[in-house]
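Numbering (the working numbering), first residue to last: 1246 to 1376.
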């Protein structure tokens, strides 16, 4: 198995508690949670909503990116998170999408079977895990 960093890019709007619950689900579902980088991109101007994020950020590793309200869109938030990501494999996350168990191992196997990290590819997994 390749040792590649995976970045989960999570766009969210004003639901920090739900966003954190989703991140913990992703981490629990990962075969190698230490290989995940989790980035939140928020479109919100209410700083008090992020107090829960600040408390959890001190014990868990994740990055928070706040967006200018003029660019309030999920696409802009995902792009901002992608710009800050360090992973070779980028996964688009959101508040109501949950991965299957060992998703990271499965994606890395697909990547390896199709040329490895030197070959650009898009792995379309669909919205089958939306809750």
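By construction, the Cβ of each residue, glycine as well, lies at the ideal position given by its N, Cα and C atoms.
Can the beta-carbon of residue 1281 be found less than 8 Å from the beta-carbon of residue 1349?
One-based indexing of the chain shown puts residue 1281 at position 36. One-based indexing of the chain shown puts residue 1349 at position 104. Going by C-beta atoms, residue 1281 is nearer than 8 Å to residue 1349.
Item to complete: Name the one or two DSSP bridge partners that residue 1252 has.
Response: In the chain shown, counting from the first residue as 1, residue 1252 sits at position 7. The partner list for residue 1252 (beta bridge, DSSP) reads 1282 and 1335.
*What number of angstroms, rounded off, separates the C-alpha of residue 1260 from the C-alpha of residue 1357?*
Counting from 1 along the chain shown, the entry for residue 1260 is found at position 15. Counting from 1 along the chain shown, the entry for residue 1357 is found at position 112. Taking the straight line from one Cα to the other gives about 36 Å.
Own chain partners of residue 1270 with C-beta closer than 7 Å, once the 5 adjacent residues on each side are dropped = Residue numbering aside, residue 1270 sits at position 25 when the chain shown is read from its first letter. Excluding residues within five positions, the ones whose Cβ falls inside 7 Å are 1343.
Q. Where does residue 1318 land, buried or exposed, given buried means 16+ other C-beta within 10 angstroms?
A. The sequence position of residue 1318 within the chain shown is 73, counting from 1. Classification of residue 1318: exposed, given that the 10 Å Cβ count is below 16.
(request) Return yes when the Cβ of residue 1338 is within less than 8 Å of the Cβ of residue 1254, no when it is not. (result) Taking the first residue of the chain shown as 1, we reach residue 1254 at position 9. Taking the first residue of the chain shown as 1, we reach residue 1338 at position 93. A contact, by the Cβ cut-off of 8 Å.
With residue 1366 as the anchor, note down where its alpha helix (DSSP H) starts and where it stops. Taking the chain shown and counting its residues from 1, the one referred to as residue 1366 is at position 121. No alpha helix (DSSP H) contains residue 1366, which DSSP labels as neither H nor E.
Endpoints, the alpha helix (DSSP H) within which residue 1352 is located:
Within the chain shown, the letter at position 107 stands for residue 1352. Run containing residue 1352: 1348-1358, per the alpha helix (DSSP H) assignment.
Note to self: For residue 1318, report the span of its alpha helix (DSSP H) as first-last.
What the structure shows: One-based indexing of the chain shown puts residue 1318 at position 73. Unbroken run through residue 1318: none, as it is neither H nor E.
Exercise for review: Could you tell me how far apart the beta carbons of residue 1256 and residue 1326 are, in whole angstroms, since I believe they sit closer than 8 Å?
Suggested key: Counted from its first residue, the chain shown places residue 1256 at position 11. Counted from its first residue, the chain shown places residue 1326 at position 81. Indeed they touch by this definition, with Cβ atoms about 7 Å apart.
ask   = Could you give the distance in angstroms between the alpha-carbon of residue 1329 and the alpha-carbon of residue 1354?
value = As a first step, residue 1329 is located in the chain shown; it is residue number 84 there, counting from the start. As a first step, residue 1354 is located in the chain shown; it is residue number 109 there, counting from the start. Rounded to the nearest angstrom, the two C-alpha atoms are 25 Å apart.
- prompt: In or out: residue 1265 buried (at least 16 other Cβ within 10 Å) or exposed?
  reply: On the chain shown, residue 1265 is found 20 positions in, with the first residue counted as 1. Classification for residue 1265: buried.
Sequence-distant residues of the same chain with beta carbon closer than 7 Å to residue 1279, five excluded per side: Reading the chain shown from its first residue, position 34 is the one you call residue 1279. Around residue 1279: no qualifying Cβ.
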